[in-house]
Amino acid sequence: MSTRTTDAGAPRRASQVRIAVQLLIGAVLLFLLWRLRDVALLSFAAIIAAALLRGLAEPVTRYARLSSHLALVVVIVVLVALLVTALWLTGQPMLQQLQELRNTVPRAWATAMHWLLAQPFGPQLLDWTSASDVKVPWDRVAGVASAATTALADVFLVLLLGVYLAFDPVLYRDGFLRLVPPDRRAEIGAALSASGDALQRWMLGQGLTMIIVGTTVGVGLALLGMPLAAAMGFISGLLEFVPFFGAIAWALLGTLLAFAQGPEKALHVAIFFLVIQQLEGNLVIPLVQRWAVQLPPVLSLLAVVIFGTLFGVEGVILGTPLMVVAVVLIRKLYVDHLG
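Oh and the sequence shown: position 329 is 352 in the working numbering, straight run, nothing missing.
Laid out in structure tokens, this is it:
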């Protein structure tokens, strides 16, 4: 009798040991992922680059009847040619405008503070916010800009890894699937494919929005007579990659710079930015999301806050695409199985 009881309990103990080992392995992997979070974020940025390249190559493959590898070569050559042409035509003027922008910001800040102090509500507002005591470390800001230049090495690494991933994504996907139990490989593989497709569509949609906003801001500011219109268009397009906070950042920066031309000019620029953001939120983004990824606004906002808190500036930049992937994986691996 005691032998049968012992034999009956053996599979249960083995199952408990297996679960404990799996939990331990999962904890170790999470710990390593956290310790190597910089590498993980660079890898995810490379996946974004690969998704963008694959998304641009798919129409070439479909309509030009080329192989996927040859279509990628065509896309890369075209992108490099466009970049070189843009740098050749606008590189020097753009660098001059960015340098002038850095010199103009402190002057615009002083003008804005002087105008605010002259208003009846200004001193009380500054006392309440303590803004008058804020000494903006412009030297440190310039140092940050210089440090951003050194990040070009990371950008080059991301692009290089992205090209390798784009040329053979199945190889790396199947290599990852070998790390999961065989009975779940098909399910997890389908979830990874769905998340990759969602990330690809989000990148294309976000890229289109960035181009539209950057071009509109640059042209509009030029029509308003702002001297740094091209630089502001370029910056607004880049900042648009970060939902909500990016739009707030370029609007505040542009309005601040307009104070260097006078309070009336700042008012005109602020109204212009308000119109752009209303059109973006109510027309551009809904139209883009019809064929891109529909991520609820609350999740986009939470993504920037959560991943920004965890990973800093890199988390702010990559927060929304991380949330896109997380939402798709949770839906495919958990929600769809609830019935």
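Glycine is no exception: its CB is placed at the ideal position from the N, C-alpha and C atoms. Given the structure is predicted, the values throughout are model-derived calculations rather than measurements.
{"query": "Extent of the continuous alpha helix (DSSP H) to which residue 90 belongs", "result": "No alpha helix (DSSP H) contains residue 90, which DSSP labels as neither H nor E."}
{"query": "Residue 282 beta carbon less than 9 Å from that of residue 289", "result": "yes"}
{"query": "For residue 95 and residue 80, believed in contact at Cβ under 8 Å, the rounded distance", "result": "5 Å"}
{"query": "Range covered by the alpha helix (DSSP H) that runs through residue 328", "result": "320-334"}
{"query": "Same chain, Cβ closer than 8 Å to residue 339, neighbours up to 5 away in sequence not counted", "result": "265, 268, 327, 330, 331"}
{"query": "7 Å CB neighbourhood of residue 352 in its chain, flanking five on each side removed", "result": "214, 218"}
{"query": "N- and C-terminal bounds of the alpha helix (DSSP H) containing residue 210", "result": "208-246"}
{"query": "Nearest-angstrom Cα separation, counted from residue 200 out to residue 90", "result": "25 Å"}
{"query": "Element boundaries [alpha helix (DSSP H), containing residue 202]", "result": "Taken as a continuous stretch (DSSP letters only), residue 202 belongs to no alpha helix (DSSP H), as it is neither H nor E."}
{"query": "As assigned by DSSP and simplified to three states, the class of residue 54", "result": "helix"}
{"query": "Chain D within 9 Å of residue 74, Cβ atoms only", "result": "Here chain D cannot be found, since the structure has a single protein chain."}
{"query": "Counted within 10 angstroms of its Cβ, other Cβ atoms place residue 297 as buried (16 or more) or exposed", "result": "exposed"}
{"query": "Supposed contact pair residue 255 and residue 244 - C-beta distance, whole angstroms, cut 8 Å", "result": "6 Å"}
{"query": "Under 9 Å between C-beta atoms of residue 334 and residue 64", "result": "yes"}
{"query": "Close Cβ partners of residue 156 (< 8 Å) along its chain, the five nearest in sequence each way excluded", "result": "With a pLDDT of 48 at residue 156, under the threshold of 50, the predicted position of this residue should be treated as unreliable, and no value is reported."}
{"query": "Cβ-Cβ distance between residue 303 and residue 235 below 9 Å", "result": "yes"}
{"query": "Residue 42, buried or exposed, once every other Cβ within 10 Å from all chains shown has been counted against 16", "result": "exposed"}
{"query": "Close-in-space but distant-in-sequence residues of the same chain around residue 68 (CB under 7 Å, 5 per side omitted)", "result": "181, 341"}
{"query": "Cβ separation of residue 74 and residue 249, assumed to be a contact under 8 Å, to the nearest whole Å", "result": "Wrong, their Cβ atoms sit about 35 Å apart, outside the cutoff."}
{"query": "Simplified DSSP assignment, three categories, for residue 187", "result": "helix"}
{"query": "Which of helix, strand or coil DSSP assigns to residue 263", "result": "coil"}
{"query": "Secondary structure of residue 195, DSSP reduced to three states", "result": "helix"}
{"query": "Range covered by the alpha helix (DSSP H) that runs through residue 287", "result": "286-302"}
{"query": "Own chain partners of residue 184 with C-beta closer than 6 Å, once the 5 adjacent residues on each side are dropped", "result": "69"}
{"query": "The ligand FMN heavy atom lying under 8 Å from the CB of residue 268", "result": "With respect to the ligand FMN, the structure offers nothing, as it holds no ligand at all."}
{"query": "Collapsed DSSP secondary structure at residue 42 in the structure displayed", "result": "helix"}
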